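To start, the structure under review is shown below, and the notes come after it.
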Amino acid sequence: MKNSIKILASVLAFGALTLGTSCTNDFLDEQKVDQASSDYLNEPEGLASMANSLYMEFNYFFNNESSYCYTNYGTDEFMVAGDNSNQMWNDYDARLGSVVTPAVNSNTQAITTFWDTLYYWIARCNTIISKAAVVEGTAFENETLGLAYFVRGFNYLFLTMQFGDIPLVIDAITTPEREFTRASQKDVYERIILDLEEAYNRLTTDANMATRNYVTKYAAAHYLAQAHLWRASEINDSWNAEYKTADLEAVIEYADEVIAAHPLAADYNDLFNNFTAYDSSITETNTEIVLSSGSSDSDVNNRKGNWGLALFTAWYQGFPLMKRDIAGAREYQRMKTTPSYAYYLYDLENDSRFWKSFKTTYAVNNATEATITVDGQTIPGNEYFPSNNGEYLSTMYIINREDYGQKYYRSEVNIDKTVTAPSYTRTDYRTGKKIPAINALIIYEDNSDQIVGTSMTPDYNTLLAPLCKYLDGAVNANNLGSGYRDGLLARSAEDYFFKAEALIRQGNIDAGLAVLQPLRDRAEFKAGEERDAYMDGGMAYHYNTYKSGLSGFEANCAFYPMNSYYYSLGGWDDADYREATNARASELPAVTSGNYPEEDQKIMDKLGYSSDYDKAMCYLLNEKSREMYGEYKRWMDLARTKTLEKRLVFNDQAYSTKLTDITGHTAAVNGVEYATNNTGGSFNPDKHYYRPIPQTFLDNITANGSPLTADQKAAMQNPGY
């Protein structure tokens, strides 16, 4: 794939013929065809081959750093961890302009990445659609054209949500073209919906195809629901009044269709964590999947990278008796879970989604002959911990919110930004061994009720309970920056949110809230389910067919099959209590407009919401975080609902120049002041609900044959940039 195109004109003129793929019975067989020619595209097989190549675009949303910049940074869910390469995307500071400058380093993402790439694939779609007569009446017709219309609508939907008014090009361009204007969002949405409707009418109804990474009628329905909902959202209130009524009805219709065709996975773990091998795991084959990026090739060397493996990880190799390994993943340290939001959002006792979305434990994987001191006894580490293969607990993140009454004291909790020495204060009830390192959400003064700080600080370090959804222990090499798991683009759980929001917008608030109850029902712990049991994709290491051949392989595994549930909520020292709790089901009661969960009411109060509509939408956005945390959706949801500004209060770095932790302190427990963030507080609601138009585009287009003047460029640019 050629992603280095710098201007839209080049993309539209030449992008369509730069890559071809062979047409086989498997529509996803990604075999390169060299020197694809226009003659080949005049054959049904050739045009179908070009349509086949469109599947490669879906990988782009997972195999680079731009994805999290555009979708996760600068929201209530994530901020910057230990690597500030793309801090400007989180803070909305002056560097985030039509040229992102000055760049922090080579990892800093340009504003052009998605613009160039998505227009590249739009050009390819335009070529296919312009040659519809080639496949008319053949077995290739509906799949070839349906896929082209789908991808074009899909791309324009993402582009208009990010950039607002954009060039709308729907004809194939075969010669260089530099004259482009920006179409209104009104016109862009009309085209998006027309394209997706055309795809909907042409694509297969076989919902099972989605688990093999195919685009189906239900994928088109999913994005039609999304497009109608986005058009009906607050960000478009200056022009969307004429569409709202019909849009909301369409959202419900399409969402219902997807929900019926794609039943929810039985267990939330089946969506991401219950992963042991590519293609065969329930995470890649469950019925909830509507669309995913992936590959049908069983050889991992031919699979596409998924950077989620490394982007969300916390730094763990500095903890006692630990080193980096395959199960724990490489630590890129890009995204930090926001402490004041993530750890206070869930009903930790009853909602399993927190414990199935975040990693709170790591196993000893580097015990050596070096001595350790436990309970006054000095012994070799590998004698006290005789296995490095995931059998003993090394490090734990304890989410001991004040309302659960579990106290962890200064002397037993790590208080430095990087763990360098073990504490061995609490016992792992699973093995009877002392735990080398503990990090706590709330730290108390020794033998006191005084709160002195937190391990989960708001500054630029990697002490956090990281998102665990994308870990991949099945890879074929150590120290990889990306794994090979499918990337989940759409799942039917989101269609519940589409429908619920449409009903809320129609004024049927309680009906909308009730739509989400099946997701809450699934989130409950079932009777007999061990609440402290944990799994993530790192456990695939135990089944990894490549590991014995890796250079320097040892039996090292940082995956630990237990979470910190009972250490966070109480009961870690009471076996009878744990047994009784595991035996009974938890309950997440039905939510009504007169009875919001306590966690949600606190968020509503903090954000100052009082109207029925605002409270219902606040709850819906909270619930969507609980269900879809870190799934590359958040920025668009907050932008379209015009709630970014309010919700940045949970993103300490973006909100203010003075970092303050969840306990009200501006310094860590060890007295080290949190870094001053000179770019905090930069969000401007008149500017930052849209991204800047790339300067390379403005510099290379023309008006009436002449380069744009400075005034013309300013007129083409989004306000404030």
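Per mature numbering (1 follows the signal peptide of the UniProt record, and there is no 0): the sequence shown = residues -24 to -1, 1 to 697. Think of the CB as a built atom: it goes at the ideal place given N, C-alpha and C, for glycine as much as any other residue. All values reported here derive from a predicted model rather than from experimental measurement.
1. Among the candidates Asn245, Met538, Ser74 and Met692, whose CA atom is the shortest distance from the CA of Gln671?
2. Quick check: the Cα distance between Gly483 and Tyr589, rounded to an integer number of angstroms?
3. I need the boundaries of the alpha helix (DSSP H) containing Asn415, first residue and last residue.
4. For the pair the region 324 to 338 and the region 464 to 474, tell me if three or more CB-CB distances fall below 8 Å.
5. Return the residue from the list Tyr553, Tyr36, Gly547 and Tyr338 that minimises the CA-CA distance to Asn532.
6. Name the one or two DSSP bridge partners that Phe54 has.
7. State the DSSP-derived secondary structure class of Val625, mapped to helix, strand or coil.
8. Roughly how far, in whole angstroms, is the beta-carbon of Leu94 from the beta-carbon of Leu285, given that I think they are within contact range, below 8 Å?
9. Leaving aside the five residues before and after Pro398 along the sequence, list all residues of the same chain whose C-beta is less than 7 Å from its C-beta, in chain order.
10. What does the Cβ neighbour count give for Gln11, buried or exposed, with the cut at 16 atoms within 10 Å?
11. Among Pro143, Leu526, Thr403 and Ile638, which one has its Cα closest to the Cα of Ile677?
12. Indicate the three-state DSSP secondary structure (helix, strand or coil) for Thr371 in the structure shown.
13. Excluding the five sequence neighbours on either side, which residues of its own chain have a C-beta within less than 8 Å of the C-beta of Gly547, listed in chain order?
14. Ordered along the chain, which non-local residues of its own chain (more than five positions away) have a Cβ less than 8 Å from that of Tyr292?
15. Going by alpha carbons, who is nearest to Tyr542 out of Asp508, Arg560 and Thr636?
16. Going residue by residue through the region 617 to 697, where are the continuous alpha helix (DSSP H) segments of at least 4 residues, counting only ones entirely within it?
17. Can you look up Tyr384 in the DSSP assignment and give me helix, strand or coil?
18. I'd like to know whether the C-beta atoms of Thr633 and Gly657 end up nearer to each other than 7 Å.
19. Below 7 Å CB to CB, which residues in the same chain sit around Gly22 once its five sequence neighbours on both sides are set aside?
20. Residues bridged to Lys410 by DSSP?
21. Considering only their Cβ atoms, is the gap separating Ala186 from Thr192 smaller than 7 Å?
22. Quick one: Cα of Thr51 to Cα of Thr354, how far?
23. Do Tyr317 and residue 699 come within 7 Å of each other at the CB atom, strictly closer than that value?
24. The alpha helix (DSSP H) that contains Gly545, what's its start and end?
25. Considering just the uninterrupted stretch of the beta strand (DSSP E) at Ile146, what are its terminal residues?
26. Spell out a yes or no on whether the region 380 to 393 and the region 429 to 439 are touching, meaning 3 or more CB-CB pairs, one atom from each, closer than 8 Å.
27. What would DSSP say about Ser106, mapped onto helix, strand or coil?
28. Following the continuous alpha helix (DSSP H) through Val127, name the residue where it begins and the one where it ends.
29. Buried or exposed: which applies to Glu155, given that a residue is buried once 16 or more other Cβ atoms fall within 10 Å of its Cβ?
30. Below 7 Å between beta carbons: does that hold for Asn452 and Tyr522?
31. DSSP three-state call for Leu172: helix, strand or coil?
32. Which same chain residues, not among the five before or five after Asp182, have their C-beta less than 7 Å away from its C-beta?
33. Between the alpha carbons of Tyr380 and Ala487, how many angstroms are there, rounded?
34. Just list the residues that DSSP pairs Met538 with in beta bridges.
35. Looking only at its own chain, which residues have a Cβ that is under 7 Å from the Cβ of Asn131, when we skip the five neighbours before and after it?
36. With a threshold of 16 other CB atoms inside 10 Å of the CB of Ala686, please say whether the residue is buried or exposed.
So, to answer that:
1. Ser74
2. 8 Å
3. Premise fails: Asn415 lies in the beta strand (DSSP E), Ala413 to Ala416, not in any alpha helix (DSSP H).
4. no
5. Tyr338
6. Thr313
7. helix
8. About 24 Å separates the two Cβ atoms, so there is no contact after all.
9. Pro296, Ile348, Pro412 and Ala413
10. Its pLDDT being 44, under 50, Gln11 is placed unreliably by the model, and nothing is read from it.
11. Pro143
12. strand
13. Tyr553, Arg554 and Thr557
14. Met298, Arg300, Gly304, Glu307, Tyr338, Thr371 and Ala534
15. Asp508
16. 620 to 623, 628 to 631, 671 to 676 and 686 to 692
17. strand
18. yes
19. Tyr16
20. Thr403
21. yes
22. 47 Å
23. The question about residue 699 has no answer here: the residues shown for the chain are numbered -24 through 697.
24. According to the sequence provided, residue 545 is Leu. The question's Gly does not apply to it. Unbroken alpha helix (DSSP H) run through Leu545: Tyr541 to Leu545.
25. Segment: none, Ile146 is in no beta strand (DSSP E) and carries neither H nor E.
26. yes
27. helix
28. Glu117 to Phe139
29. exposed
30. yes
31. helix
32. Thr192
33. 32 Å
34. Ala509
35. Leu94, Trp97 and Ile98
36. exposed
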